[in-house]
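In the numbering used here, the protein residues as written are 85 to 279.
The beta-carbon is built from N, C-alpha and C at its ideal position, and this holds for glycine as well.
All values reported here derive from a predicted model rather than from experimental measurement.
First up is the structure itself, then whatever we jot down about it.
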Ligand SMILES: Cc1cc2nc3c(=O)[nH]c(=O)nc-3n(C[C@H](O)[C@H](O)[C@H](O)COP(=O)(O)O)c2cc1C
């Protein structure tokens with residue numbers, strides 16, 4: 085395996101971080117690798133909010149947990165399949181000790197401007213580039229889907245200077261991993277046909 089393949093194959097989501105900050109240079113390098121990702125028609129529609137302020141991250145954690153818990157409560161009321169999973173998630177969101185950002189020193193929110201033709205794909209490949217770049221630098225990362233309700237909080241959007249027509253697409257934390265947890269297992273590729 086070459087160096088790139090090694091980085092791809094050894095990346096894993098990191099869910100506990102040392103308190104030490106990332107340098108501005110490190111964050112800029114990660115963002116720079118993000119925008120190098122392919123994007124539809126090279127329109128380059130992605131915009132970023134970088135949050136390193138601990139107080140803001142704690143506040144965003146509380147806001148997102150409350151919003152997500154409310155969303156789960158409405159779903160649970162409808163008694164859908166997978167009810168126990170939803171109840172488990174709701175208990176996590178309602179636990180005052182649960183930190184969806186795992187103590188990471190840096191949160192990056194990826195938004196798309198309305199000019200994007202392929203917003204989901206553009207933001208996902210950018211996010212993966214950023215997580216791989218971080219891993220190659222000895223840093224950890226995790227995509228925090230639980231934080232997606234922040235994209236609906238007008239006060240948060242206002243304080244982050246997000247224009248009204250931009251959409252929050254991805255929420256990533258970065259930091260120094262507290263421990264080496266090893267890679268998460270994967271199945272072999274399931275090939276439907278090779279002809
Ligand atoms: C769209 C998306 C949302 C995710 N949201 C969360 C999350 O809210 N919390 C979390 O701990 N992990 C989250 N993850 C990480 C996945 O759980 C993780 O990628 C998966 O378990 C595989 O593990 P690995 O990244 O270590 O290989 C998310 C990943 C993706 C792609």
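State the start and end residues of the unbroken beta strand (DSSP E) segment that holds residue 134.
130–135 is the extent of the beta strand (DSSP E) around residue 134.
Which class does residue 160 belong to by DSSP, given the choice of helix, strand or coil?
Correct three-state label for residue 160: helix.
Going along the chain, which unbroken runs of the alpha helix (DSSP H) with 4 or more residues stay wholly within the segment 183–218?
The segment 183–218 contains no whole alpha helix (DSSP H) run of 4 or more residues.
How would you label residue 107, buried or exposed, when you count the other beta carbons within 10 angstroms and need 16 or more for buried?
Per the 10 Å Cβ criterion, exposed.
Take every Cβ of the segment 129–139, pair it with every Cβ of the segment 192–201, and state whether three or more of those distances are shorter than 8 angstroms.
Yes, they touch.
At which residues does the beta strand (DSSP E) containing residue 257 begin and terminate?
Its beta strand (DSSP E) spans residues 251–259.
Should residue 110 be labelled buried (16 or more other beta-carbon atoms within 10 Å of its own) or exposed?
It is buried - the Cβ of residue 110 has at least 16 other Cβ atoms within 10 Å.
Could you name the residues of the same chain whose beta carbon sits closer than 7 angstroms to that of residue 232, not counting the 5 residues immediately before and after it, in chain order?
Correct list, in chain order: 252 and 255.
Residue 160 to residue 175, Cα distance in whole Å?
If you take the alpha carbons of residue 160 and residue 175, they lie about 12 angstroms apart.
Report, in whole angstroms, the separation of the C-beta atoms of residue 246 and residue 133, which I expect to be a contact under 8 angstroms.
That belief holds up - the Cβ atoms of residue 246 and residue 133 are roughly 7 angstroms apart, short of 8 angstroms.
Tell me the rounded alpha-carbon separation between residue 270 and residue 154.
So the two alpha carbons sit approximately 33 angstroms from each other.
How would the residue list near ligand 1 read, in chain order, if you kept each one whose beta-carbon is closer than 5 angstroms to any heavy atom?
That query returns the following residues: 96, 97, 227, 228, 229, 230 and 268.
With a threshold of 16 other CB atoms inside 10 Å of the CB of residue 149, please say whether the residue is buried or exposed.
The residue is buried, with at least 16 neighbouring Cβ atoms inside 10 Å.
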